[in-house]
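Quick note on our numbering: the sequence shown kicks off at 208 and runs consecutively. Backbone N, C-alpha and C define an ideal beta-carbon position, used for all residues, glycine too. Worksheet: the structure to be examined is printed underneath.
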Amino acid sequence: MKRYIGRFGWFFGISLVAISAMLFAVACEDDSPSLEEAQAALCGDLESLGATLDALSAIGSEATVGDLQDARDDVNEAVEEVQSSAEDVEDASTDELESAYDELDSAINDIPEDATIEDAVTGIETAAANVQTAWQAVVTEAECEVEEPTPAETAEEGTPADEAAEIAEVEETFTQTFESDATNADYFFAHVTDNLITTVLFAPSRAECEANPEECIGEPGTVESIEGTTIEGDTASLTATVDFGVFDVGMVQADDVWMVDSFQAVSDEVAEGTPLVELTLGEFVFGFDDTTIPADGNFAFDVTNGGGQVHEVVVVPVAADVPLEQALEDVQEEDTVGFKLFIQPGQEVDMAFEQPFAPGRYALVCFFPDTSSPEMTSHAELGMVNEFTIQ
Ligand SMILES: [Cu+2]
208 MKRYIGRFGW
218 FFGISLVAIS
228 AMLFAVACED
238 DSPSLEEAQA
248 ALCGDLESLG
258 ATLDALSAIG
268 SEATVGDLQD
278 ARDDVNEAVE
288 EVQSSAEDVE
298 DASTDELESA
308 YDELDSAIND
318 IPEDATIEDA
328 VTGIETAAAN
338 VQTAWQAVVT
348 EAECEVEEPT
358 PAETAEEGTP
368 ADEAAEIAEV
378 EETFTQTFES
388 DATNADYFFA
398 HVTDNLITTV
408 LFAPSRAECE
418 ANPEECIGEP
428 GTVESIEGTT
438 IEGDTASLTA
448 TVDFGVFDVG
458 MVQADDVWMV
468 DSFQAVSDEV
478 AEGTPLVELT
488 LGEFVFGFDD
498 TTIPADGNFA
508 FDVTNGGGQV
518 HEVVVVPVAA
528 DVPLEQALED
538 VQEEDTVGFK
548 LFIQPGQEVD
558 MAFEQPFAPG
568 RYALVCFFPD
578 TSSPEMTSHA
588 ELGMVNEFTI
598 Q
């Protein structure tokens with residue numbers, strides 16, 4: 208059952224995926240276009256290439272090396288389009304553009320696996336600028352009226368596109384951080400606040416967490432989906448569905464870097480007409496009134512954390528007629544009939560169950576560690592267990 212401790216695994220899945228160069232040669236039929244048509248096609252393709260170069264230069268400190276590679280792939284595709292349409296335009300040479308692109312490509316391929324995005328961006332700066340210069344030369348030569356790529360810094364702030372990019376950055380940061388493990392500790396620690404370290408990872412301090420990243424960061428997690436991302440100034444919130452439930456996530460920004468700051472339970476939807484049983488969490492108790500539990504076993508908990516520590520509610524069936532402590536020893540984690548993790552101090556959430564409880568004896572347990580003791584004794588050991596029976 209200890210799986211709930213440290214189950215908040217963050218796994219970093221940086222996959223320097225070999226980019227498969229799926230170059231579908233566009234079959235050029237031989238009914239050659241007129242020079243005008245060819246020129247227009249080339250200018251259109253050059254404009255598209257300009258947009259991909261824009262996107263590449265907009266990549267900043269909040270992106271990932273993977274984003275950089277994706278942007279490179281877009282540039283690659285666009286360069287090929289330009290190459291192909293330039294063949295139909297006399298005097299339009301793309302040789303320099305191609306060789307500049309090849310250099311950019313190898314610069315991106317040369318990025319070391321453990322490089323930070325800042326290093327990666329710096330490492331390809333010259334190559335990217337050369338592609339831009341070569342692009343400009345083809346544009347001029349082909350006499351295209353194409354807008355120059357905009358450097359990232361001059362992009363207007365506050366525009367919808369800008370906001371969408373910011374939201375994408377927030378979501379990407381959360382996902383990467385959540386999916387980190389000790390192999391990516393540098394990224395992880397750069398993107399979590401001290402608050403997250405103490406209230407979610409249960410480390411006494413950042414320093415102690417950093418000293419033992421394997422245990423502190425824990426097992427890999429998976430982000431399945433993210434909803435409702437909103438940004439207000441330097442704070443952001445989102446609701447994430449991860450491999451062990453749905454959680455509200457708070458993020459804060461400092462020096463242009465987003466960091467995960469809080470992670471807490473969300474309320475389940477309770478079917479209409481389902482009675483709510485009040486359940487209060489504290490140090491270290493589950494408080495509820497036995498007589499409020501419906502005899503038919505159909506109810507949801509209205510959980511309030513009245514304590515000062517983060518708690519969880521794990522509900523497991525246990526054998527009858529033995530002391531609770533002993534009964535819990537034989538419990539298998541797959542027997543769990545419900546759990547609600549990371550209920551923060553002061554929080555109130557509804558906890559629904561998939562089906563009414565069948566007759567039997569059930570235990571409520573919290574395995575979270577006591578953050579006030581250096582031993583990090585589990586709340587369960589300190590008495591945070593209780594039980595109810597459905598006749
Ligand atoms: Cu607890």
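Where residue i falls: helix, strand or coil (DSSP)
i: A443; result: strand
i: E588; result: coil
i: I597; result: strand
i: G330; result: helix
i: T347; result: helix
i: N512; result: strand
i: T487; result: strand
i: P367; result: helix
i: Q383; result: helix
i: V600; result: Outside the shown range of the chain, which is 208 to 598, sits residue 600, and nothing can be said about it.
i: I438; result: strand
i: F396; result: helix
i: T271; result: coil
i: V233; result: The pLDDT assigned to V233 is 27, lower than 50, so where the model puts this residue is not dependable; a value taken from the coordinates is nonetheless given after this. In the structure shown, V233 sits in coil (DSSP, three-state: anything other than H, G, I, E or B).
i: G545; result: strand
i: A527; result: coil
i: A359; result: Because A359 carries a pLDDT of 49, less than 50, the predicted location of this residue cannot be relied on, and no value is offered for it.
i: A265; result: coil
i: A472; result: strand
i: V377; result: helix
i: V286; result: helix
i: A353; result: It is Val, not Ala, that sits at residue 353 in the sequence shown. Here V353 sits in coil by DSSP.
i: V296; result: coil
i: D401; result: helix
i: A248; result: helix
i: I324; result: helix
Nearest to residue i (by Cα), restricted to the options the options
i: G457; options: A307, K547, H398; result: H398
i: S585; options: I266, F574, S579, G425; result: F574
i: F595; options: I315, D542, L531, P581; result: L531
i: Q460; options: N593, T436, D468; result: D468
i: D295; options: Q246, F395, V477; result: Q246
i: T481; options: V407, V492, P563, S306; result: P563
i: G257; options: V328, A344, G267; result: A344
i: G435; options: A375, T405, C423, D388; result: A375
i: G590; options: A570, P581, E561; result: A570
i: D557; options: S580, V525, F506, G515; result: F506
i: S412; options: E421, A527, D401; result: D401
i: S306; options: E288, P319, N337, D277; result: N337
i: D475; options: D509, F493, D497; result: D509
i: V477; options: P319, W342, E561; result: E561
Beta bridge counterpart(s) of residue i as assigned by DSSP
i: H518; result: I550
i: M466; result: V459
i: M558; result: F508
i: L571; result: V522, N593
i: S432; result: T448
i: P576; result: S585
i: F409; result: In DSSP, F409 forms no bridge with anything.
i: G494; result: T487
i: V453; result: T448
Taking contact to mean at least 3 C-beta pairs separated by less than 8 Å, is the stretch 521 to 540 in contact with the stretch 461 to 474?
-> no
Any residues whose CB sits closer than 5 Å to a heavy atom of ligand 1? List them in chain order?
-> H518, C573, F575, H586, M591
How do the stretch 347 to 354 and the stretch 250 to 269 stand: do at least 3 beta-carbon pairs fall below 8 Å, yes or no?
-> yes
With contact counted as at least three CB pairs below 8 Å, one residue from each stretch, are the stretch 432 to 449 and the stretch 411 to 422 in contact?
-> no
Sufficient close CB pairs (3 or more, under 8 Å) joining the stretch 401 to 414 to the stretch 469 to 480 = yes
Using 8 Å as the Cβ pair cut-off and three pairs as the minimum, do the stretch 372 to 387 and the stretch 319 to 335 touch?
-> no
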